[in-house]
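Note sheet for the following structure.
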Amino acid sequence: MTSTMGPGRSPLADFPGIPEEFAQKYREAGYWIDETLQEFILARCREFSERTAVIAHSARASEASSLATVTWTYAQLEEEARRAARVLADAGAVPGDRVLLQLPNTAEYMAYMCGCFLLGVVPVFTLPKHRAMDLCQFARKTDAAAHVVCQGAEDFDYLDLYRRYAGDLRAEGLVPPVLVEVGGYTGEVDADVVVVRQSPEPLADLPAPVRNRGSERLSENVAFLQLSGGTTGISKLIPRTHADYLYSVRESDRICGVDQETVMLVALPAAHNFTMSSPGILGVLHAGGSLVFAADPSPQTSFGLIERERVTMASLVPPLLQAWIASAQRRTPDLGSLELIQVGGAKLAPSVAEKVVPILGARLQQVFGMAEGLVNYTRDSDPEEVVLTTQGRPISPEDEIVILDDDDQPVASGEAGHLLTRGPYTIRGYYLEEKANLFSFTEEGYYRTGDIVRRHPDGHLEVTGRAKDQINRAGEKIAVDEIEDIALTADGVADAVVVGIADEDVGERVGLVVMPQPGANFGSDPRSYFRTYFREQGVAEFKIPERVEIRASLPMTNVGKISRRHLRTALAKDMATTRP
Ligand code: AMP
Ligand code: DBH
34 MTSTMGPGRS PLADFPGIPE EFAQKYREAG YWIDETLQEF ILARCREFSE
84 RTAVIAHSAR ASEASSLATV TWTYAQLEEE ARRAARVLAD AGAVPGDRVL
134 LQLPNTAEYM AYMCGCFLLG VVPVFTLPKH RAMDLCQFAR KTDAAAHVVC
184 QGAEDFDYLD LYRRYAGDLR AEGLVPPVLV EVGGYTGEVD ADVVVVRQSP
234 EPLADLPAPV RNRGSERLSE NVAFLQLSGG TTGISKLIPR THADYLYSVR
284 ESDRICGVDQ ETVMLVALPA AHNFTMSSPG ILGVLHAGGS LVFAADPSPQ
334 TSFGLIERER VTMASLVPPL LQAWIASAQR RTPDLGSLEL IQVGGAKLAP
384 SVAEKVVPIL GARLQQVFGM AEGLVNYTRD SDPEEVVLTT QGRPISPEDE
434 IVILDDDDQP VASGEAGHLL TRGPYTIRGY YLEEKANLFS FTEEGYYRTG
484 DIVRRHPDGH LEVTGRAKDQ INRAGEKIAV DEIEDIALTA DGVADAVVVG
534 IADEDVGERV GLVVMPQPGA NFGSDPRSYF RTYFREQGVA EFKIPERVEI
584 RASLPMTNVG KISRRHLRTA LAKDMATTRP
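Structure, rendered in C-alpha cells:
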C-alpha cells in the first residue's frame, strides 16, 4: 500500500445543537445514554462475536472482475473495521476529521463505516450515484481529509471523478481530500491517491477520541454527517450525535421487533438514513442479527438472496416494492422466510400497499422518516386500515408534532397542514447553513419538514402532499432550484423551470422547461442536448431532467404576476397531461 500523509484539517465547525434544557430531559428519560458509536461497534462485535454479521459481495476478495461473496462474523467485522481504520489513519485522517464515504453495497461499506467510527473520524454518507459536482461541494464544505471509493464494483471511474473535482478544489486554493480506493485497483495512480492493494494489519490501539461539540460527553458529540435531499440548493449536511442517533436505533429495534434472529436484506443504498437506522444496519448490529447486502436492487437479485439466506426483513421504497410485486406475480419465488417488509422514502399508494400481504406473504410496515430526525412507523398492533393508509406515528413520546397552515397558525384537528417537529433525535440546524437554517427551523427549534400531513385522531400521520421545492424520484430527493440554477448556466437559456412530473414507475420524474434566448439552438433533440450538458457539469444521473420542453415564453414570470412555485405547479400539470 502506498501511503500519503494528508494535510492537517480544520475542526468541525459550530452549528445549532439541541439546547441543554432539552438535552437534560432526554438524558433523564434514559433516551440519551453515554455510548459512542465506537463503543457501540466494539461492544456488539464482542457480545455477538461468533454470530454472522455480514453477508455481502466484496470487491477485494474477488480475483477477476466478478465480485465474490464473503461472510463475516461479528469478530471478523471488528477485524475488518480495524484494517479500514488503519488504512484511513495511514491516509492521514485523524480523530475528528471528516471522511467522504462513497461505497456501494459491499462488505467494504461495513468495514469502512465501522472503521470510521473506531478511528473517531466523522463519515459523510455520500452515495455511489453522486458525481463531481456533489463531491466537490461536500469536500469543500467539510474540509474532508479522505474520500473512500471502490473502483470496479460498478461500471464507473471514481478515479476520474476524483481528479475532476480535486482539480477544481486546487484551483480554488483548497487542499482536496486524499482518495482511498478500497477495491484493489491495479492501474496507474496519482500521488494523492491511496490504493489498498493488500490487507493491512488491523489497528490494535485506537487513538483517543476528540470532542467536536464542546460537550463533555463524547456521546453528545457529532458522530457523522448525513445528507438531506435539500430544498434550496444542494444537499445539506445533517450533524447527528451518537446519543441521538443510537436512541432512534434502539427504539426502532423495539418497534420493528429486530432481534438476534433477524436477517435483514439491504437492497437500498446502504448510506441512506432509512437503511442505516430505521432500524437498518445499525439496528441489526445492535441486536446481533445478520445483514445480507444485495449488490443491485433488482427483484431477481433480492429474491435469490431471500431464498438462499432465509431473509426475514427488507426495506424498500415504493417503486421498488412495485417491482417486487410485479416480479413475484410472474415468478412465484420462495419468500417464505420473509416476515416484514418496510416501505418508506416516498408516499405509498393504498392500492399498492394492499397487495403486500397477499402477493409477498409478509407483513407491511410504513415508514415515514427523514435524515434530519423524526421517524414514524406503523405498528404491528395497528388495525389493517392504519397500516394501509397512514405513514405511522413517531418513535418517541417526546417527538413534538405541530401542524400549521400557510400563516404558521395551527390547523383545526384532523386538517392537513405543514408538519413541524422537534424532539430527542431531530436536529436544530444543518451544518454550516446559517441562512437556510433561518428558514428551515423556527425560533423555538422546530424543523420545518416541508411535508403536508394530516393527523388522525389516534395520532397517525398521513402524508398528503409536499410544500418544499423538491422532487422525490423513487425516494431520491432532488432540489428543484439546484437543477434550475445549473440549467441557467447553459448557453442560450433565458429562463428554466424544473418540475416534478407524476410517474407511475418512479413516483416523479424530473422535467425541465426552458425559455430560450433569441437565436438559441439546442439541436433537434433538446433532451439529449441538456443531458450532455448536465453530465459535463458533473451532475448525478438521477437528477438529470428526463423530459425537456422548449417554450418561447413562460406564463407571466417576467412581469412577476405569479410566483415561481405556481409556475412550477402549472407547468408540472401541463407536462403530466401531454405526451413526451
Ligand atoms: P430527507 O430529508 O432527504 O431525508 O427526506 C425525507 C423526506 O422524504 C420526508 O420529509 C418526506 O418528504 C419524504 N418521505 C420519507 N418517507 C416518506 C413516506 N413514507 N411517505 C411520504 N413521504 C416520505
Ligand atoms: O426518506 C427518508 O429520508 C427516510 C425514509 C424512511 C428516512 O430518513 C428514514 C426512514 O429514516
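Reading the sequence shown from the start, the letters are residues 34 to 613 in our numbering. Virtual Cβ for every residue (Gly too), placed ideally from N, Cα, C.
According to DSSP, Phe474 shares a beta bridge with Tyr480. CA-CA distance, Arg246 to Thr475, rounds to 22 Å.
Selection Tyr458, Val157, Leu192 evaluated against Gly402 yields Tyr458 as nearest (Cα-Cα). Following the DSSP letters along the chain, one finds Gln135 in no alpha helix (DSSP H) but inside the beta strand (DSSP E) bounded by residues 131-135. Relative to the ligand AMP, Phe555 has its C-beta separated by 7 Å or more from all heavy atoms. A buried status is given to Ala327, since no fewer than 16 other beta-carbon atoms sit within 10 Å of its beta-carbon. A heavy atom of the ligand DBH is found nearer than 7 Å to the CB of Val400.
With 16 or more neighbouring CB atoms inside 10 Å of its own CB, Ala114 falls in the buried class.
For Asp484, the distance from the CB to the nearest heavy atom of the ligand AMP is below 7 Å.
Relative to the non-hydrogen atoms of the ligand DBH, the Cβ of Val282 never comes closer than 7 Å to any of them. Bounds of any beta strand (DSSP E) do not take in Gly508, whose DSSP letter is neither H nor E. Looking at the DSSP output, Trp357 bridges to nothing.
In this chain, the alpha helix (DSSP H) harbouring Val419 covers 417-422. Pairing Tyr464 with Leu270 gives a Cβ-Cβ distance under 8 Å.
Under the 8 Å Cβ criterion, the stretch 506-526 counts as touching the stretch 544-559, having at least three qualifying pairs. A residue is called buried when at least 16 other Cβ atoms come within 10 angstroms of its Cβ; His599 does not meet this threshold and is exposed. Taken in chain order, the whole beta strand (DSSP E) runs of length 3 or more contained in the stretch 228-292 are 255-260, 270-274. In this structure, the beta-carbon distance from Ile74 to Phe150 falls below 8 Å.
In the three-state reduction of the DSSP assignment, Gly148 falls in the helix class. Only residues of its own chain outside the window of five on either side were considered, and among them Phe158, Gln259, Ala303, Leu315 have a CB closer than 8 Å to the CB of Met309, listed in chain order. Fewer than three Cβ pairs drawn from the stretch 510-523 and the stretch 438-451 lie within less than 8 Å of each other, which leaves the two stretches out of contact.
From the listed residues Thr345, Ile460, Met166, the smallest Cα separation to Glu569 is found for Met166. Between the ligand DBH and the CB of Asn306, the shortest heavy atom gap is smaller than 7 Å.
If you ignore the 5 residues before and after Thr345, its C-beta comes within less than 8 Å of the C-beta of Glu294, Thr295, Val296, Met297, Ser370, Leu371, Glu372, Leu373, all in its own chain and listed in chain order. Secondary-structure assignment with DSSP links Phe401 through a beta bridge to Asn409. A residue is called buried when at least 16 other Cβ atoms come within 10 angstroms of its Cβ; Asp225 meets this threshold and is buried.
Between Ala320 and Asp286 a beta carbon distance of about 5 Å is seen, short of the 8 Å cut, so the two are scored as contacting. Counting only the Cα atoms, Val325 lies some 9 Å from Ala300. The shortest CA-to-CA distance from Val419 to any of Asp491, Val547, Leu207 is the one to Asp491. Looking only at Asp514, Thr497, Glu495, the smallest Cα-Cα distance to Ile504 is reached by Asp514. The criterion of a C-beta distance shorter than 8 Å is not satisfied by Leu236 and His180. Contact between Arg273 and Ile428 does not hold, since the beta-carbon distance rounds to 14 Å and is not under 8 Å. In the structure shown, the three-state DSSP call for Ile314 is helix. With 16 or more other Cβ atoms from the protein chains shown falling within 10 Å of its own Cβ, Arg499 counts as buried. The straight-line gap separating the alpha-carbon atoms of Met146 and Pro156 is approximately 7 Å.
If you draw a straight line from the Cα of Ser596 to the Cα of Ala603, it comes to about 11 Å.
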